[in-house]
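Here is the structure we will look at.
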Amino acid sequence: NKKYPGCHVDYLSFIGDDNCHGREYNTEECGWDGGDCIDFNTKYPGCDVEYLSRIGDGFCNGREYDTEECGWDGGDCIDFNKKYPGCHVDYLSFIGDDNCHGREYN
Numbered sequence: 119n120k121k122y123p124g125c126h127v128d129y130l131s132f133i134g135d136d137n138c139h140g141r142e143y144n145t146e147e148c149g150w151d152g153g154d155c156i157d158f159n160t161k162y163p164g165c166d167v168e169y170l171s172r173i174g175d176g177f178c179n180g181r182e183y184d185t186e187e188c189g190w191d192g193g194d195c196i197d198f199n200k201k202y203p204g205c206h207v208d209y210l211s212f213i214g215d216d217n218c219h220g221r222e223y224n
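According to this note's numbering, the sequence shown is numbered sequentially starting from 119.
See below:
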């Protein structure tokens, strides 16, 4: 890739395709995914998650998405965090579903 010679990713066609792909694409060497991630990086500096499209998608994804850097999942987790402060589990849908899931869900 002549434009980004230090960018080593699996799919060069993703660079500059108007979608911020994150992780190895969202690097200085790859031009912040050919410029696709500039807005995301400005809004959520330090947010490094696998699926950037989950940020602000209307669903609280929890864990790595529910961080200050990721804007509490783009605001999706604000109500959950108010209702269940300090609750950090893998499956948020288990909370309040009328089933006892044990351990960290109790």
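The beta-carbon is built from N, C-alpha and C at its ideal position, and this holds for glycine as well.
- Item | Contact set for Phe177: own chain, Cβ-Cβ below 7 angstroms, skip 5 residues either direction | Asp194
- Keeping to the same chain, check which residues put their C-beta closer than 8 angstroms to that of Asp208; ignore five residues upstream and five downstream. Excluding positions up to five away in sequence, the list reads Gly180, Arg181.
- Query: Under the criterion of a Cβ to heavy atom distance below 7 angstroms, does Phe158 qualify as lining the ligand GTP?
  - Reply: Looking at this structure, you won't find the ligand GTP or any other ligand, since it has none at all.
- Cβ-based burial, Asp166 [other Cβ within 10 Å; buried from 16]: exposed
- Message: Output needed for Glu187: all residues of its chain with C-beta closer than 6 angstroms, excluding positions within five of it in sequence on either side, in chain order.
- Response: Gly164, Cys165
- Task: Return the chain-ordered list of same chain residues with a C-beta closer than 8 angstroms to the C-beta of Asp135, the five sequence neighbours on each side being excluded.
- Result: Gly152, Asp154
- Message: Let's test the definition: count the other Cβ atoms within 10 Å of the Cβ of His139 and tell me whether it reaches 16, buried, or not, exposed.
- Response: So His139 counts as buried.
- Message: Quick check: what's the CA-CA separation for Gly214 versus Tyr169?
- Response: 26 angstroms
- Message: Taking the straight line between their C-alpha atoms, what separation do you get for Thr145 and Thr185?
- Response: 21 angstroms
- Message: Closest to Cys148 by C-alpha separation, out of Ile133, Thr160, Phe158, Asn159, would be which residue?
- Response: Ile133
- Under the rule that 16 or more other beta-carbon atoms within 10 Å means buried, what is Tyr129, buried or exposed? exposed
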